[in-house]
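Mind the numbering: the sequence shown is residues 19 to 159 in the numbering used here, read in order.
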Amino acid sequence: MEQREFSKLTLKFLEGNYPQFVQTIKFQDDGSFDCDWKSESGIFSIWIATYNTEITIGIEDPNGKTDIHRHNPCYGLDDLGACVAELSSFIENIKAGNLVLYQDGDGKYNLIKSFEFENLDNCKKFSWKINHPSSSEKEGS
19 MEQREFSKLT LKFLEGNYPQ FVQTIKFQDD GSFDCDWKSE SGIFSIWIAT
69 YNTEITIGIE DPNGKTDIHR HNPCYGLDDL GACVAELSSF IENIKAGNLV
119 LYQDGDGKYN LIKSFEFENL DNCKKFSWKI NHPSSSEKEG S
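See below:
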C-alpha cells in the first residue's frame with residue numbers, strides 16, 4: 019500500500035472515531051502525518067504518526083519527550099483493520115485509566131497497566147482525566 023493511501027485511510031478512521039486528533043494533523047511531503055491529543059488532565063498527550071506505512075502511537079510526557087511508543091506495521095489493506103483496532107484499544111485503555119503514565123523515583127516516565135502501578139514505590143501516577151483529590155487527601159492537607 020502506498021504511503022498517501024495509507025495515511026488517507028488512517029485519517030478517515032480518526033475522523034470517524036477520534037476527531038480530536040484531526041485538528042492537530044501535520045502532513046509531511048511523503049503523505050504521512052502526525053497528530054496529537056492532549057489529555058484532559060493537561061499533563062501528557064497521545065500522539066500518532068503514519069510514517070513508513072505503519073501507525074506509531076505513543077505518549078508525549080510532561081517534559082515533551084516521545085520515547086514511550088509502539089509501532090503497528092500495516093503490510094497491506096488486509097492489515098489495516100487490525101492496525102486501527104490496536105490503535106483504538108491503546109487510546110481507549112488510556113482514556114479509561116487502564117493504562118497510566120507514571121514517573122519513577124529517578125524522574126523517568128513510562129506507561130503501565132493501572133493495577134500494576136500499586137506495586138511500585140516512590141512513583142507518581144498520571145491519568146488521562148483530571149485528578150481530583152479524594153476526601154482523605156483533602157483532610158490531610
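Where is the CB? At the ideal position from N, CA and C, for every residue including glycine. Remember, predicted model here, so these are calculated numbers, not experimental data.
Cutoff 8 Å: residue i Cβ touching any chain D Cβ
i, result
"H89", "No chain D is part of this structure, which consists of one protein chain only."
Closest residue to residue i among the options (Cα-Cα distance)
i, options, result
"N81", "L27, N128, K147, M19", "N128"
"Q46", "I61, T68, F62, G34", "T68"
"G60", "K113, L98, C101, T28", "K113"
"E72", "F24, K126, F133", "F24"
"C101", "I66, S145, L138, D48", "I66"
"S106", "I64, E20, D48, R22", "I64"
"E20", "D79, I77, L98", "L98"
"D79", "K126, Y93, K44", "K126"
Contacting residues, own chain, Cβ-Cβ under 6 Å from residue i (five flanking each side not counted)
i, result
"T42", "C53, D54"
"T74", "A67, H87, H89"
"L56", "Residue identity differs from the one stated: residue 56 is Lys in this sequence, not Leu. Cβ neighbours of K56 beyond the five flanking positions: S63."
"N140", "G123"
"G76", "W65, T84, I86, H87"
"N111", "L117"
Rounded Cβ spacing between residue i and residue j (contact assumed at less than 8 Å)
i, j, result
"Y120", "K147", "In fact, because the Cβ distance is near 15 Å, the residues do not count as touching under 8 Å."
Cutoff 7 Å; reference residue i; Cβ partners in own chain excluding five residues on either side
i, result
"E33", "V40"
"I109", "Y36, I64"
"S145", "S59, G115, V118"
"F31", "V102"
"R22", "G49"
"G158", "At G158 the pLDDT is 39, less than 50, meaning the model places this residue with poor confidence; the figure from the coordinates comes in the next sentence. Within the same chain, G158 has no close Cβ partners at all."
"K131", "N116, L117"
Own chain residues within Cβ distance below 8 Å of residue i, not counting five before or after
i, result
"F133", "none"
"Q38", "W55"
Exercise. Mind listing, in chain order, the continuous beta strand (DSSP E) runs of no fewer than 3 residues lying wholly within the region 67 to 106?
Key: 72 to 78, 86 to 91
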